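Everything on this sheet refers to the single structure shown next.
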Amino acid sequence: MSRPNNFVILGGGISGLSAAWYLSRHVPSTTKITILEGSNRFGGWIKSKRVGEHKILFEQGPRTLRPNGIGGPVINKLNLTSSLHAVTKNDDASKNRYIYYPDRLVKLPGSSLLSSLKSVMLNKFLLKTASSILLEPFVKSSKNYEDESIHEFISRRFDKSVSDILISALIHGIYAGDVKKLSVKSIFTRLYDLEQRHGSVIKGLLMGNKEAFLCQQDKDLLKIVNDENKELLAIMKDVSLYSFKDGIEQLPSAIVNDLKNRENVQLKTDNRVIKLEFGKKIKISTNDGVYEADHIISTIPSRELSHILPDKGTIPHLDYNPSVSVATINIAYNHPKILPVKGFGYLIPQSTPNNPYHILGVVFDSDAMPLQDEPPRTYTKLTVMIGGHYFNSISGKVDFPNKDILLQQSMEILEKHLGIYSTPLYYLVDIHKNCIPQYYVGHYSRLEELHYAIKKYYPNQLSVTGASYWGVSINDCVLNSAKLVLNLLSNSSNVVTGLERIDTKFRL
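Take 1 as the starting number for the sequence shown in the UniProt record's numbering and just add one per residue.
Dropping the structure here:
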């Protein structure tokens, strides 16, 4: 297969920017790379904004990164190391995590044995969780089944209350989703495979090696990353979370600035793709003009891709999974110590009674990243997250709660849950419509069919990556874009769709 000389990337979020960045580092300077972004800015859902005369930093989307994965080496090469703001494993934000259930904050077991025992003994549901973990190795396994919901899997292997309380809270924090609809095979892939390999999650964790779950490409990539970034990895050894002085948006901004210095890269905003036409060359029509490409990398939501392909019936499942909308309410108080507890924040399980405003959780931003404002540790900052799957019934309409109502609801919740009665110094309210894809049960099988359909109908012309497919975190998006580019530029004759994990799925 001859290497393409003209790449067009659809979407300028973190996936599209990462794909362009990796391409620009590995292709000849004669290879043309164009990013087409439909909105007026790059970065997608990553939005960091300073407000008011105090220039308080609010994160309207993702706010932290984990040191695992390929994100660290990227920031190293982008010269962002000096802007790093890290939370160590000994900081309160790492050690103290809470849920709100049924009518109070409950500290989850952490690294301190004494604190964990106290928490377990004081909460019946945690005691039940502990006993279900001890009994899990004796639960009969269900091998060779295709998929089931996270709720079904956790209830079967542990206990229904573990899913209803702990796991549903966790899923609210990551996917803002319904634990009874999301796929265990696609979201908790390792847990699924531990049962398939060892007959038990706990047995597998005790016996298994983390690298045993990686395909060979991932192992090779991990080795390269480790060899090239020993200094940074040493710094990250004790880090639990990190961000940057001016917020997470420094990452996509640094990528954009790097790409602007490369003559073979074009960055186009306000270019919404209307249709694609495939022939010897691919024609991409946007609201602003027509572009040509040898190869397209689509990082836009799969549902949007389904609307612009020429033969909508030939590529299945692109519009199967919905995406949920989340309202974020950032609030800053002119008091440094008004929180009753220290920690990262708390999540609210689906089973928590009396949650009329559909709160997903509250992040204690001033604890999670305490040094981003000047002077540091002067303010208390919180982010209330509302909606997610609870908004599904109105996601196609315009009648989301208005911003004033969302702010009022958030302040009521902070009074009830945390005892905060102060007037905010600053606030910022936004509704992120269709921001998090939901991997419903059967997602893996649908990706398999999608993979082979792209190979059949658009071979060597179309690849896909982004949050619609293999994970929604920033780390997932950067890693999957990197792997896609490396596959495209390899000397292999294989058709690269971006869904190659299907071909390297676990052989049991």
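Positions of the beta carbon are idealized from the N, C-alpha and C atoms, including for glycine. Note that the coordinates shown come from a computational prediction; the quantities given were computed from them, not determined experimentally.
- Non-local C-beta neighbours of V8 in its own chain, meaning closer than 7 angstroms and more than five positions away in sequence, comprise T34, L36, I284, Y291, A293 and I296, ordered along the chain.
- Judged by DSSP in its simplified three-state form, E292 adopts strand.
- Only exposed fits K280, as fewer than 16 other CB atoms lie within 10 angstroms of its CB.
- Around the Cβ of F58, a 10 Å sphere holds 16 or more other Cβ atoms; the residue is buried.
- The DSSP-derived three-state label of K181 is coil.
- The residue among C477, A93, P62 and G313 with its C-alpha nearest the C-alpha of T299 is C477.
- In the DSSP assignment, G204 falls within the alpha helix (DSSP H) that extends over V201 to M207.
- By the 16-neighbour rule on beta-carbons within 10 angstroms, A482 is buried.
- Annotation for G388: the continuous beta strand (DSSP E) segment containing it runs T380 to G388.
- Q266 sits in a strand when the DSSP states are folded into three classes.
- By the beta-carbon neighbour count (other beta carbons within 10 angstroms, threshold 16), I274 is exposed.
- Using a Cβ distance threshold of 7 angstroms, I165 and Y101 count as a contacting pair.
- When the beta-carbon positions are compared, N321 and Q408 stay at least 7 angstroms from each other.
- Membership of K456 in the alpha helix (DSSP H) is indicated by the continuous run H443 to Y457.
- When rounded, the separation of the alpha-carbon atoms in V362 and P28 is 47 angstroms.
- In the DSSP assignment, I405 falls within the alpha helix (DSSP H) that extends over K403 to L418.
- CA-CA distance, K185 to K55, rounds to 43 angstroms.
- Between I255 and the set S422, P349, G43 and I315, the nearest pair of CA atoms involves G43.
- Two segments are said to touch when three or more pairs of C-beta atoms, one from each, lie closer than 8 angstroms; by this definition the region 317-337 touches the region 378-385.
- DSSP, read as helix, strand or coil, puts S141 in coil.
- If you draw a 10 Å sphere on the C-beta of L484, you find 16 or more other C-beta atoms in it, and that means buried.
- Of all alpha-carbon atoms in N261, L414 and P459, the one lying nearest the alpha-carbon of A332 is that of L414.
- DSSP, reduced to helix, strand and coil, places Y192 within a helical segment of the structure shown.
- Of the candidates Q350, S422, I454 and E449, the residue whose Cα lies closest to the Cα of A169 is Q350.
- For the pair L447 and L499, the CB atoms are nearer than the 7 angstroms cut-off.
- Taking 7 angstroms as the cut-off, the beta carbon of T64 is found closer than this to the beta carbon of L241.
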